[in-house]
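**Q** Quick one: the structure is below, questions incoming.
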Amino acid sequence: MALADDQLAHDRAALQMINPAPYNAEAPPAALEGEITPTDLHYVRSNFAVPTHDGTLQIGGAVENPITLTLDDLRALPATERAVTLECAGNGRLETRPLPIGEPWGDYAVSTARWKGALLHDVLSQVHPSPDGVDVRFSGADAGAYHLNPVLKDTNKDDLRFVRALPLALAADPAAEILIAYEMNGAPLRPDHGAPFRLVVPHWYAVASVKWLSHIDVLTEPYAGEFQTGHYVYEWPDREHEAVTHMRVRARITAPAAGSRIEPGTHTVRGKAWSGTGPVTSVEVSLTGEGDWLPARLDPPSGPYHWQEWSFDWAADDVGRHTLRARATDAAGHTQPEVPPWNRLGYGNNAVEVIYIDVG
Ligand SMILES: Nc1nc2c(c(=O)[nH]1)N[C@H]1C(S)=C(S)[C@@H](COP(=O)(O)O)O[C@H]1N2
Ligand SMILES: [Mo]
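Numbering (my numbering), first residue to last: 442 to 801.
Given below as structure tokens:
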């Protein structure tokens, strides 16, 4: 117990804690600098305390051949390793107006790690899902009291489990490369990131990537539950609600640091851009408010599921305060809006980032 606490304290030391229990923390700015975020700097989002896990994964429901797998069984399957950008759907909530309820994430609930594991496809093909299968349900080992609305205490629930589902057609698709991951950046998963194994669903907001995975069940009816149809839904004021699925296109500026002071001269503005409906095809920079958008250099993707680097040489010769904006567009034609449409729970805020830099 003491050992586990020491490990958790060590793992959490470099993060910006926003809630101690359940533990939620943003990444520091350095997490976005490299191509891969070191594990110590990867953001953490958990709805419940880190659970104990019995080390098994039970796969059943509407299947011909239910099985129970251990970590060793998963390791014995062909391994796939992919760099995957995970972003919380609530990232950017703090800039949403009016401010919604929910964890007050700034803009650092996003990180990229190398995840290694077995393909979900390979595991599902061992159990032979029923042709009537519709959804696949993934249960975490974590459960507890859940504050549906911290203001209205009477909406609390005493005992909820973290459960999510994906359509069977997606879950069983080998091309989707959904992983049951047991390694992160070359080491066994740490407790905050879902040890001993978790789902990693590329391109989706990270709520789909169920940590501490304990059960997988094929369902013949669409799944409904708190984390699927209660939360993680875009509640638009003026149109049908929609499920939170793919990450929206987004660019971040990583250098120069927002609010910093730099010497006059030419500086390279750098950043990252990603999209769940990507790849990103262009990033543009604006040096004014209303006005021209100038093309930035965009590195080609070095893998299918992670952020791309971009840069722009800025002749910052004039002393004074300057504004910088960066806007990404993806292959599906999606572009970042200045002001995304508001939704009640504050998901998917991919507004164009605005920073200022003082020159001189
Ligand atoms: N079992 C379980 N899985 C979970 C969650 C959770 O609370 N419980 N949170 C989800 C959410 S909302 C996010 S953003 C990601 C965060 O993954 P990370 O903590 O490894 O960054 O885990 C997802 N998987
Ligand atoms: Mo999230």
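Every residue, glycine too, gets a C-beta built ideally from N, C-alpha and C.
If you measure from the CB of V648, is any heavy atom of ligand 2 nearer than 8 Å?
**A** Yes, the Cβ of V648 comes within 8 Å of a heavy atom of ligand 2.
**Q** Output the distance between the C-alpha atoms of V642 and A520, rounded to the nearest integer angstrom.
**A** 15 Å
**Q** When you compare only the Cα positions, how much space is there between H775 and G501?
**A** 38 Å
**Q** At a cut-off of 8 Å, is V525 close to ligand 1 when judged by its beta-carbon and the heavy atoms of the ligand?
**A** Taking non-hydrogen atoms of ligand 1 into account, the C-beta of V525 is found less than 8 Å away from none of them.
**Q** For V800, which residues of its own chain have a beta-carbon under 7 Å away from its beta-carbon, when the five flanking residues on both sides are left out?
**A** Here the set comprises I703, P705, A757, D759, V760, G761, H763.
**Q** Could you give the distance in angstroms between the alpha-carbon of A517 and the alpha-carbon of L620?
**A** Straight across, the Cα-Cα distance linking A517 with L620 is about 14 Å.
**Q** Do you know how far the Cα of L728 is from the Cα of P632?
**A** 43 Å
**Q** Could you name each continuous alpha helix (DSSP H) segment of 4 residues or more that falls completely within the segment 457–534, going from the start of the chain to the end?
**A** 512–517
**Q** My assumption, with CB atoms under 8 Å, is that N460 sits in contact with R555. Please give the rounded CB distance.
**A** Not confirmed; about 27 Å, so no contact.
**Q** In terms of alpha-carbon separation, which member of G496, V568, V485, G543 lies closest to L527?
**A** Among G496, V568, V485, G543, the Cα nearest to that of L527 is on V485.
**Q** Buried or exposed: where does E725 fall if 16 or more other Cβ atoms within 10 Å of its Cβ makes it buried?
**A** buried
**Q** Out of curiosity, what's the CA-to-CA distance linking L456 and C529?
**A** Their backbone Cα atoms lie some 15 Å apart in a straight line.
**Q** Could you give the distance in angstroms between the alpha-carbon of N791 and the alpha-carbon of S752?
**A** 19 Å
**Q** If I follow the unbroken alpha helix (DSSP H) through S566, where does it start and stop?
**A** 561–568
**Q** With the cut-off set at 9 Å, would you say R605 and H656 are in Cβ contact?
**A** Cβ atoms of R605 and H656: not closer than 9 Å.
**Q** Report the rounded CA-to-CA distance for I508 versus V568, giving the unit in angstroms.
**A** 7 Å
**Q** Along the chain, where does the alpha helix (DSSP H) containing L630 start, and where does it finish?
**A** L630: not part of any alpha helix (DSSP H); DSSP gives it neither H nor E.
**Q** For G719, which three-state DSSP category applies?
**A** coil
**Q** Within its chain, find whatever has a CB closer than 8 Å to the CB of V575; leave out the 5 residues flanking it on each side and keep chain order.
**A** P608, L609, L660, T661, E662, P663
**Q** With a threshold of 8 Å, are at least 3 pairs of Cβ atoms found where one atom belongs to the segment 684–691 and the other to the segment 713–723?
**A** yes
**Q** Tell me the DSSP secondary structure of P736 in three-state form.
**A** strand
**Q** Quickly, what does DSSP pair H687 with across the bridge? List them, please.
**A** Per DSSP, W645.
**Q** Suppose contacts are defined by Cβ-Cβ distances below 9 Å. Is R538 in contact with W783 by that definition?
**A** yes
**Q** Taking the alpha carbon of L739 as the reference point, which residue from P778, R693, V780, A698 has its own alpha carbon closest?
**A** For L739, the closest of P778, R693, V780, A698 by C-alpha to C-alpha distance is R693.
**Q** Do G787 and G547 have their CB atoms nearer than 9 Å?
**A** no
**Q** Who pairs with D754 in a beta bridge, going by DSSP?
**A** T709
**Q** Consult DSSP for T729 and reduce its assignment to one of helix, strand or coil.
**A** coil
**Q** Going by DSSP, which residues form a beta bridge with R555?
**A** In DSSP, R555 forms a bridge with A524.
**Q** Using the Cα positions of A698 and Y549, report the straight-line distance between them to the nearest angstrom.
**A** 14 Å
**Q** Within the continuous beta strand (DSSP E) that includes A612, where are the two ends?
**A** Unbroken run through A612 is the alpha helix (DSSP H), 609–612; no beta strand (DSSP E).
**Q** What's the C-alpha gap between D495 and P463?
**A** Cα to Cα, the separation comes out at about 20 Å.
**Q** Who are the near neighbours of V780 in its chain, counting only those whose CB is closer than 7 Å to its CB and skipping five residues on each side?
**A** A792
**Q** Looking at F753 and ligand 1, is the gap between the Cβ and the nearest heavy atom below 8 Å?
**A** no
**Q** As a quick exercise: from N465, P629, Q499, pick the residue whose alpha carbon is nearest that of L809.
**A** No answer is possible for residue 809: it lies beyond the span of the chain, which begins at 442 and ends at 801.
**Q** In or out: L482 buried (at least 16 other Cβ within 10 Å) or exposed?
**A** buried
**Q** In the DSSP assignment, find the unbroken beta strand (DSSP E) run with R578 in it and report its ends.
**A** 576–587
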